[in-house]
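Just below is one structure, and these are the notes that go with it.
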Amino acid sequence: YEPVPQISVVGLAALAFSAWPIFREAFSSLVARRMTMELSMSIAIVAAAAIAEIFTALVVTLFVIVAEELEHLTVAKGRVAIRELVDFIPPEARVRREGAIRLLELSKVVPGDHVLVSPGEKVPVDGMVVDGHSYVDQSRLTGEAMPAEKKSGSTVFAGSINHMGALEIVVDKIGGDTSYGRIIQAVEAAEQTRAPVQKLADRLAGYLVYVALGAAVLTWLLTRDMRDTISVIIVAGACGIAAGTPLAILGGIGRAAKLGSIIKGGIHLETLGRVDTVVLDKTGTLTMGEPAVQRVDAAEGFDEKAVLRLAAAAEMHSEHPLARAVVAHAAHREITVPEPDRFHYTVARGITATVDGQTVLVGNRSLLAEHGIVAPKRAAGGASGSEILVASDGRYAGAIIVADTTRPEARAALAALHGLKIRTILLTGDMQSVGDQVGSELGIGSVEGDLLPEDKLKRIKALVAQGRVVAMVGDGVNDAPALSAASIGIAMGSGTDIAKESADVVLIGNDLSKLVETLRIAAKTRRIIWQNFAGTLAIDAIGIGLAAVSYTHLRAHETEA
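Heads up: the sequence shown begins at -10 in the numbering used here, then just goes up one per residue.
Printed below as a string of structure tokens:
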């Protein structure tokens, strides 16, 4: 005679309350014909309750709840930066209508209107310059670090920042039809259409459902004991997966965070462990994202320091990015730079200044030609970048080459990626020639330049469609759609808010070597999860074996008696 087990009403109520979310998720999985951890654990919980092991059922429930909470601790926050992206475009524009200039809401601006943009203002529309000459920062759209020259006939894009002269633009597109608007739409669409990725723990737990049921059948055949059979179902459930997998993932995420790599969820760590293709943006990702002096070519009769001193003095009060790069380089080399006595800036030409009684010209070839000064042709095959020519008192003094510089760790990081058998691709909005030079310098075999954000998005989608696990690494607004569409999006910590929000991983230190270490951590974590799964199967097998041996010994003892 075996006494009927007493069931605690309080315990049963607590179990029903705590396990209800698990049962609900398991039912949804069953309806969708998906095997998940919740389904496996629900079987174990019900089995434990069936033999009045309420405490055991509560412990199993606790495993699942803790696992889910551990996962929630690392889930990414909402994509709030999309709103910030929309707000970047000015809500109003100065429009020339009927001979008067009016400040209108952007929604009231129509194609064909003439919009005026002063220095320092953001361009609110897509259109063509009909009057004025300036340089604009359009890196948010194209990724180009260098300011783009805009004059009559040039195309300008909403979201660009006007640096120098005033521009008058005839409107072509506004709002969601602009290049900037299409980026916003692409980010939202990529977020909504990204294919769901099943968690590794769910797949493994699904396998264990079959193992548990098979083990239960085998135990019943050996023992004919329902309690032992149900006990095997509990033991062969997904407890090891439920507890071990989140802990392994949390450990991997924690270790990556110490390196300065923030992973926004366990599912992203799992995906990182399967990456076979890394696609990289150029500006701000492989390069520093800002112009810097690459080389100074001094003419006969001048030395490098003299050329830098004259150029930095003339450009001391200029806000042009190239001028700031020259001044910063002179300061880095500890060159004493005098104040200019006179300073005049000519749009699209350069600067004329008086420095220590000398008339100094700093600008392009047109500026020097206007003053009758002939500059030698630029050597073929030299460093790419913008050329700043310097002349003093009618004599050509030299040239300063300014360009974006590659990150110091980039070459070693790319070599390490190739050592991991990961394919690398460079996609950039910059010119093809500039992309080719960076690709050659860093050992990237596949390079595509002159790409708009929608072009990058198409390339990423094509790679994913080929079955590749693609990690996209970028930092700008123009990278946001591609970051969202990739298998895993990785943003540089110095990047724009929308890039960091669209990404699944953020490299806080902007160090590409950390990317390599993060991929290694992810691969190791994935191996640990599989080892945990194998260990769970081994323990289940031992448990079934012990049950069989125990039953055999018991029958032998009864026979002897």
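Every residue, glycine too, gets a C-beta built ideally from N, C-alpha and C.
- Around I32, the same chain offers V198, A201, I222, G226 as residues with beta carbons nearer than 7 angstroms, after the five sequence neighbours per side are excluded.
- In its chain, beyond the 5 residues on either side, no residue has a beta carbon closer than 7 angstroms to the beta carbon of P10.
- Inclusion of A237 and I510 in the CB contact set at 8 angstroms is not warranted, their separation being larger than that value.
- Around the beta carbon of S17, a 10 Å sphere encloses fewer than 16 other beta carbons of the protein chains shown; the residue is thus reported as exposed.
- By the neighbour-count definition (other C-beta atoms within 10 Å, threshold 16), M215 is an exposed residue.
- Restricting attention to V363, T417, M305, the CA atom closest to the CA of Y385 is found in V363.
- The distance from the Cβ of V282 to that of A314 is about 6 angstroms, consistent with a contact at the 8 angstroms cut-off.
- Annotation: the continuous alpha helix (DSSP H) that includes Q426 extends over 421 to 431.
- Take P327, set aside five residues on each side of it, and the residues of its chain with a beta-carbon closer than 7 angstroms to its own are A302, V344, D345, in chain order.
- Cβ-Cβ distances below 8 angstroms link K294 to R322, I324 in the same chain, with the five nearest sequence neighbours on each side left out; the list follows chain order.
- According to the DSSP assignment, A8 belongs to the alpha helix (DSSP H) that extends over -2 to 20.
- About 41 angstroms separates the Cβ atoms of I531 and L504, ruling out a contact at the 8 angstroms cut-off.
- Of the candidates E279, A399, L378, the residue whose Cα lies closest to the Cα of A392 is E279.
- A137 sits in a strand when the DSSP states are folded into three classes.
- Beta-carbon to beta-carbon, D126 and P136 are separated by about 6 angstroms, close enough to satisfy the 8 angstroms threshold.
- For L472, the uninterrupted alpha helix (DSSP H) run begins and ends at 469 to 474, by DSSP.
- Residue environment analysis places S250 among the buried positions, since at least 16 neighbouring C-beta atoms fall within 10 angstroms of its C-beta.
- Taking G387 as the centre and dropping the five residues before and after it, the same chain places the C-beta of V285, D286, A287, A288, F291, V296, V379 closer than 7 angstroms to its C-beta, in chain order.
- Rounded to whole angstroms, the gap between the alpha carbons of R457 and A475 is 10 angstroms.
- For I449, the secondary structure class from DSSP, reduced to helix, strand or coil, is helix.
- Bounds of any beta strand (DSSP E) do not take in V35; it lies within the alpha helix (DSSP H) bounded by 26 to 39.
- Of the residues L526, R516, R354, the one whose Cα lies closest to the Cα of E259 is R516.
- The alpha-carbon separation between T413 and S381 amounts to approximately 47 angstroms.
- Burial is judged here by how many other beta carbons sit within 10 angstroms of a residue's own beta carbon; H333 has fewer than 16 and is exposed.
- Sixteen is the threshold: since fewer than 16 other Cβ atoms of the shown chains lie within 10 Å of the Cβ of S422, the residue is exposed.
- In the three-state DSSP reduction, R171 falls in the helix class (H, G or I).
- Taking the C-beta atoms as reference points, S502 is found no nearer than 8 angstroms to E430.
- For H360, the CB contacts under 8 angstroms within the same chain, skipping 5 residues up- and downstream, are L350, A380, G383 in chain order.
- Here DSSP, grouped into helix, strand and coil, assigns V282 to strand.
- With contacts defined as CB atoms closer than 8 angstroms, G463 and L452 fail to qualify as a contacting pair.
- With distances taken between CA atoms, S168 lies nearest to L441 out of M277, L441, E308, E87.
- Going by beta carbons, V104 and G116 fall inside the 8 angstroms limit.
- Following the DSSP letters along the chain, one finds G255 inside the alpha helix (DSSP H) bounded by residues 255 to 261.
- Assigned with DSSP and collapsed to three states, M461 falls in strand.
- Shown here, E87 sits in coil according to DSSP, grouped into three states, outside any helix or strand.
- Distance from the CA atom of P365 to the CA atom of T272, rounded to whole angstroms, is 30 angstroms.
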